[in-house]
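J.:
Numbering (this note's numbering), first residue to last: 49 to 137.
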């Protein structure tokens with residue numbers, strides 16, 4: 049049975065993963081992450097709040113900082129973008 053679009057959960061933004069799976073468990077604030085990465089805190093805040101996507105540059109920084117890969121972050125972003133596009137059509 050087809051699901052109504054209104055019944056679907058919103059797509060998970062990479063910022064939600066960043067916040068819930070990395071920052072919170074490690075006790076990191078947006079200010080701390082931004083400072084350590086030497087990027088503006090607004091960049092991290094916008095990603096965490098789903099108002100900005102993860103760019104390749106940011107993916108590389110996050111990967112090095114959290115011990116992941118740039119592909120991890122780019123795949124999260126691509127999956128989010130694809131789901132948003134599919135729901136919009």
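Virtual Cβ for every residue (Gly too), placed ideally from N, Cα, C.
Buried or exposed for residue 75, please, with buried defined as at least 16 other CB atoms from any protein chain shown within 10 angstroms of its CB.
T.: As a position in the chain shown, residue 75 is number 27, starting the count at 1. Answer is exposed; the Cβ neighbour count stays below 16.
J.: By how many angstroms is the C-alpha of residue 85 removed from the C-alpha of residue 78?
T.: Your numbering for residue 78 matches position 30 in the chain shown. Your numbering for residue 85 matches position 37 in the chain shown. Going by the C-alpha atoms only, they are around 11 Å apart.
J.: Going by DSSP, what residue range makes up the alpha helix (DSSP H) through residue 88?
T.: As a position in the chain shown, residue 88 is number 40, starting the count at 1. From DSSP, residue 88 is part of no alpha helix (DSSP H); its letter is neither H nor E.
J.: Can you tell which of 129, 135, 92 has the C-alpha that lies nearest to the C-alpha of residue 63?
T.: The residue labelled residue 63 in the question sits at position 15 within the chain shown. Closest option to residue 63, Cα to Cα, is 92.
J.: Determine, using beta carbons only, whether residue 98 and residue 125 come nearer to each other than 8 Å.
T.: Numbered from its first residue, the chain shown carries residue 98 at position 50. Numbered from its first residue, the chain shown carries residue 125 at position 77. No.
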